[in-house]
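Student: For the first sequence, position 458 (counting from the first letter as 1) is numbered 451 according to the working numbering, and the numbering increases by one without interruption.
All residues carry an ideal CB built from backbone N, CA and C; glycine is no exception.
Given the structure is predicted, the values throughout are model-derived calculations rather than measurements.
The structure follows.
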Amino acid sequence: MADITHWADVVADEVLKKGKKHRVATGITPSGHIHIGNMREVVTADVAYRALLDRGAEAEFIYIADTYDPLRKVYPFLDESYARHVGKPLSEIPCPCGEHKSYSEHFLEPFLVALEHLGIHPTVYRADELYKKGLYTDAIKTALKKRDEIAAILQKLSGKTPADDWSPFNPLCNACGKINTTRVNGYDLDAETVDYTCSCGDRGTVPMKGGGKLTWRVDWPARWKALGVTVEPYGKDHASRGGSYDTGQAITKEIYGYEPPFPIVYEWIMLGNEGAMSSSTGVVVSISDMLKVVPPEVLRYLIIRTKPEKHIRFDPAQPLLNLVDEFERLHQMDDPGSYESRMIELSHAAGLCHTDIPFKHMTTIYQAAGGDFERIMNIVERAGYDTKNRKCIKELADNVGNWLDMYAPTFAKFSVRDELPVQASSLSDMQRTFLSSFADILVDSGELSGEDYHNLVYSANDPASELHARMAAALGAKSGEMKVEPKDMFKAIYISVLGQQSGPKAGWFLSSLEKDFLIRRFRDAAGYRP
RNA sequence: GGGCUCGUAGCUCAGUCAGGCAGAGCGUCUGGCUUUUAACCAGACGGCCUAGGGUUCAAAUCCCUACGAGCCCGCCA
């Protein structure tokens, strides 16, 4: 297809038909670690926002943290002491680590930091502050007045009949601090107060300002109007018929007289083959973990390359390498106006830090250097890469190191063994002879480059070479008649250094190791007969 | 039971809105790079577009049905 329009631009075009001024909103409840799945919502919104700006729209981007939602249960990552906080708004619960202002800030703060890294800069609102400031007061009054109409909408669209004592407003109990245990008994529109009884036995009166919260199905449409939201992505959990977008759409039109925002429904992110990512099942990769491992652009790219309504299969092990590879390749293409370059634009995050070293290559450099940064720099320099941007190389090396620690499959890992690997006992006579002759030559030679090592290994099969001659002499064979398989020689090297049959490109790999070490190791291996 | 979304090469996905020759990357294979296993370059292989029906001069694309996957319908992001 010659002309592919990125989905974000399609969305922008669609949205622009409705007007030039837009406010893109997104909201996540900080009830637990905010993971890659949640990130899809924010990145989706950000990309739509950027596309709107690029098309000349007057656009804003806001993020509402639902800090006023009650804690639903004691999550697996919480200790039992949190049982008494179940039902209280997240903003009113103590922080699990004691270092943040509240429970919600504990989870929100790292998320906001991650947003910065991802180049996402929304205006951040906290729901508890909005309620306490009175932003929702009008909406609360309307909702209380039109309680029956709202109940009828919910009944009609979702098929569920709200209980007789149902109210769109959930008061916050003065005594126990819970928000989901109270019942509304009455209200005073002039005084802006609501009367309640609580299952804890308390009864009293709370202000509409900060004394409670609209139930979710009403809170959402009320927020659209109060904040002027015109575009909002949301997970498919809200998207089914009778779901909260459906009822919200009706409530905002019929109760609040406001047009619902343009919907962008997005699918879940599946983790490897463990299923959908979700905090409650514990199938979670947190954003900060991911940022330890890959640059933010790659994370954005992961989300941007797939249309929102398709699910994304995400696997932080081997497939992550392919993703990075693909991104790096894309990055090198320079074809302005193409679909590919549009994706690069949309992947753009905060302060670009670029090196020309591929992630994949760094995984071998890193391991050859045993993770030591000075040695990494030496290898990088010898390999001919640009070493001016030391900080970026350090970032890349850190990412790679974390990836190797956290996610790398075993076949991608190797380590230079401190002791001669026992596998050396399986070496053939030919291989042993090769290793010892190879070591002898190393003793007499100066510094060898990667290519020198490479050629030296192959020279074993060249009758005119010194290596070949030495091997023939040692084996008592005639020079021209000895047949040497380079493949087996490579194996001998890998076995004696790594204890495995294969490894990274032999030439530069050997050149990244100390020559004295190689001589010693090859001689040990050649003579190893347990 | 009702609903939403998805199903395209071995894998990950574009292309479906607006019908017009079936696409990309990865993997695999072959060749090249002075002889490389996990660098690089070139090429090839690879498809009943989940299945069946319908509309059309023409369908991966639109309509209906079935199957498969995931999720929602419990006021629970």
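Mapping DSSP to helix, strand and coil, what is Met201?
Tutor: Here residue 201 refers to the residue found at position 208 of the first sequence. If DSSP states are grouped into helix, strand and coil, Met201 belongs with coil.
Student: How close, in whole Å, do the beta carbons of Lys81 and Lys206 come, if the pair is a contact with beta carbons under 8 angstroms?
Tutor: Your numbering for residue 81 matches position 88 in the first sequence. Your numbering for residue 206 matches position 213 in the first sequence. Their Cβ separation, rounded to whole angstroms, is 11 angstroms, which puts Lys81 and Lys206 out of contact at 8 angstroms.
Student: Please list, in chain order, all residues of the same chain as Ala361 whose beta carbon is under 6 angstroms from its beta carbon, the five residues on each side excluded.
Tutor: Here residue 361 refers to the residue found at position 368 of the first sequence. Answer for Ala361: Phe502 and Ser505, listed in chain order.
Student: Determine the DSSP secondary structure at His26, reduced to helix, strand or coil.
Tutor: For the purposes of this step, residue 26 is identified with residue 33 of the first sequence, where counting begins at 1. Three-state result, His26: coil.
Student: My understanding is that Gly204 touches Leu147, with C-beta atoms under 8 angstroms, so please give their C-beta distance in whole angstroms.
Tutor: For the purposes of this step, residue 204 is taken as residue 211 along the first sequence, with counting starting at 1. For the purposes of this step, residue 147 is taken as residue 154 along the first sequence, with counting starting at 1. Not really, about 23 angstroms apart at Cβ, beyond 8 angstroms.
Student: How should Cys90 be labelled, buried or exposed, when 16 other C-beta atoms within 10 angstroms of its C-beta is the threshold for buried?
Tutor: For this step, residue 90 is matched to residue 97 along the first sequence. Its Cβ having fewer than 16 others within 10 Å, Cys90 is exposed.
Student: What residue range is occupied by the uninterrupted beta strand (DSSP E) comprising Tyr61?
Tutor: Within the first sequence, numbered from 1, the residue matching residue 61 stands at position 68. Counting along the chain, Tyr61 falls outside any beta strand (DSSP E), and DSSP gives it neither H nor E.
Student: When you compare only the Cα positions, how much space is there between Glu225 and Glu321?
Tutor: In the first sequence, the residue the question calls residue 225 occupies position 232. In the first sequence, the residue the question calls residue 321 occupies position 328. Whole-angstrom Cα-Cα distance: 31 angstroms.
Student: Does DSSP put Met(-6) in a helix, in a strand, or in coil?
Tutor: Counting from one through the first sequence, the residue named residue -6 turns up at place 1. Note that Met(-6) has pLDDT 33, beneath the 50 cutoff, so the model's placement of it is unreliable and no number is given.
Student: May I have the straight-line CA-CA distance separating Met263 from Glu34, to the nearest angstrom?
Tutor: Here the question's residue 263 lines up with position 270 in the first sequence. Here the question's residue 34 lines up with position 41 in the first sequence. So the two alpha carbons sit approximately 14 angstroms from each other.
Student: Less than 8 angstroms separating the beta-carbons of Ile488 and Leu420?
Tutor: What you label residue 488 is simply residue 495 of the first sequence in a count that begins at 1. What you label residue 420 is simply residue 427 of the first sequence in a count that begins at 1. Going by C-beta atoms, Ile488 is nearer than 8 angstroms to Leu420.
Student: Using the C-alpha atoms, what's the distance from Ile350 back to Asn392?
Tutor: By 1-based counting over the first sequence, the position of residue 392 is 399. By 1-based counting over the first sequence, the position of residue 350 is 357. Their backbone Cα atoms lie some 13 angstroms apart in a straight line.
Student: Using 8 angstroms as the threshold, is the stretch 179 to 186 in touch with the stretch 89 to 108, meaning 3 or more CB pairs across them?
Tutor: no
Student: Do three or more CB pairs link the stretch 110 to 122 to the stretch 53 to 65 at distances below 8 angstroms?
Tutor: The answer is yes - the stretch 53 to 65 touches the stretch 110 to 122, with three or more Cβ pairs under 8 angstroms.
Student: Under the three-state reduction of DSSP, which class applies to Thr356: helix, strand or coil?
Tutor: In the first sequence, the residue the question calls residue 356 occupies position 363. Three-state DSSP puts Thr356 in a helix.
Student: How many Å lie between Gly443 and Ala432 at the Cα?
Tutor: To locate residue 443, count along the first sequence from 1; it is residue 450. To locate residue 432, count along the first sequence from 1; it is residue 439. Spanning the two alpha carbons is a distance of roughly 16 angstroms.
Student: Report yes or no: do three or more beta-carbon pairs, one from the stretch 122 to 136 and one from the stretch 228 to 241, lie closer than 8 angstroms?
Tutor: No: the two stretches stay apart, fewer than three of their Cβ pairs being nearer than 8 angstroms.
Student: Which runs of the alpha helix (DSSP H) fall wholly inside the stretch 280 to 360 and span at least 4 residues, in chain order?
Tutor: 280 to 286, 289 to 297, 311 to 325 and 332 to 340
Student: Please specify which runs of the alpha helix (DSSP H), each continuous and at least 4 residues long, are wholly inside the stretch 423 to 466, giving them in chain order.
Tutor: 443 to 451
Student: Could you check what DSSP says for Tyr180 in three-state terms: helix, strand or coil?
Tutor: The residue labelled residue 180 in the question sits at position 187 within the first sequence. Tyr180: strand per DSSP, three-state reduction.
Student: Identify, in the order they occur along the chain, each residue of the same chain with its Cβ nearer than 8 angstroms to the Cβ of Met(-6), setting aside the five sequence neighbours on each side.
Tutor: Looking up residue -6 in the first sequence gives position 1. Because Met(-6) sits at a pLDDT of 33, beneath the cut-off of 50, its placement in the model cannot be relied upon, and the following sentence gives the value as read from the coordinates. So the list is empty, once near-sequence residues are dropped.
Student: Report the option in Arg522, Ile434, Asp445 and Asp398 whose CA atom is closest to the CA atom of Ser418.
Tutor: In the first sequence, counting from the first residue as 1, residue 418 sits at position 425. Out of Arg522, Ile434, Asp445 and Asp398, Arg522 has the C-alpha closest to the C-alpha of Ser418.
Student: Around the C-beta of Ser495, are 16 or more other C-beta atoms found within 10 angstroms, so that it is buried, or is it exposed?
Tutor: Residue mapping note: residue 495 aligns to position 502 of the first sequence, counting from 1. Ser495 is exposed by the Cβ-count criterion.
Student: In terms of residues, what are the limits of the alpha helix (DSSP H) holding His110?
Tutor: Your numbering for residue 110 matches position 117 in the first sequence. Its alpha helix (DSSP H) spans residues Tyr96 to His110.
Student: Could you tell me which of Thr(-2), Ile27, Asn371 and Thr154 sits nearest to Glu102, measuring between CA atoms?
Tutor: As a position in the first sequence, residue 102 is number 109, starting the count at 1. Nearest of Thr(-2), Ile27, Asn371 and Thr154 to Glu102, Cα basis: Ile27.
Student: Within this structure, are the beta carbons of Val36 and Ile296 separated by less than 8 angstroms?
Tutor: Residue mapping note: residue 36 aligns to position 43 of the first sequence, counting from 1. Residue mapping note: residue 296 aligns to position 303 of the first sequence, counting from 1. The answer is yes: Cβ separation under 8 angstroms.
Student: Output the distance between the C-alpha atoms of Ala41 and Asp157, rounded to the nearest integer angstrom.
Tutor: Here residue 41 refers to the residue found at position 48 when the first sequence is read from its first residue. Here residue 157 refers to the residue found at position 164 when the first sequence is read from its first residue. Distance between the alpha carbons of Ala41 and Asp157: 42 angstroms.
Student: Closest to Arg196 by C-alpha separation, out of Gly330, Ala219 and Thr175, would be which residue?
Tutor: Position 203 of the first sequence, counted from the start, is the residue given in the question as residue 196. For Arg196, the nearest C-alpha among the options comes from Thr175.
Student: If Ala144 sits next to Val211, beta carbons under 8 angstroms apart, how far is it from one beta carbon to the other, in whole angstroms?
Tutor: For the purposes of this step, residue 144 is identified with residue 151 of the first sequence, where counting begins at 1. For the purposes of this step, residue 211 is identified with residue 218 of the first sequence, where counting begins at 1. That pair is no contact at about 10 angstroms.
Student: Considering only their Cβ atoms, is the gap separating Lys353 from Asp318 smaller than 8 angstroms?
Tutor: Taking the first sequence and counting its residues from 1, one reaches residue 318 at position 325. Taking the first sequence and counting its residues from 1, one reaches residue 353 at position 360. Contact: yes.
Student: Assign Ala390 to one of three DSSP states: helix, strand, or coil.
Tutor: On the first sequence, residue 390 is found 397 positions in, with the first residue counted as 1. For Ala390, the three-state secondary structure derived from DSSP is helix.
Student: Please go through the same chain and pick out, in chain order, the residues whose beta-carbon is closer than 7 angstroms to the beta-carbon of Gln493, but skip the five residues on each side of it.
Tutor: Mapped onto the first sequence, residue 493 falls at position 500. Answer for Gln493: Phe407 and Tyr487, listed in chain order.
Student: Roughly how many whole angstroms lie between the Cα atoms of Asp308 and Met423?
Tutor: Position 315 of the first sequence, counting from 1, holds the residue named residue 308. Position 430 of the first sequence, counting from 1, holds the residue named residue 423. Whole-angstrom Cα-Cα distance: 43 angstroms.
Student: If you drop the 5 nearest sequence neighbours on each side, which residues of the same chain put their C-beta closer than 7 angstroms to that of Lys508?
Tutor: Counted from its first residue, the first sequence places residue 508 at position 515. The beta carbon of Lys508 is closer than 7 angstroms to those of Leu435 in its chain, skipping five residues each way along the sequence.
Student: Measure the beta-carbon distance from Val490 to Val409 and round it to whole angstroms, keeping in mind my assumption that it falls under 8 angstroms.
Tutor: Position 497 of the first sequence, counted from the first residue, corresponds to residue 490. Position 416 of the first sequence, counted from the first residue, corresponds to residue 409. 6 angstroms between Cβ atoms; contact.
Student: Just confirm the distance between the C-beta atoms of Ser340 and Arg383, as a whole number of angstroms; I'd bet it's less than 8 angstroms.
Tutor: Stepping through the first sequence from its first residue, residue 340 is reached at position 347. Stepping through the first sequence from its first residue, residue 383 is reached at position 390. Rounded, the Cβ-Cβ distance is 24 angstroms, inconsistent with contact.
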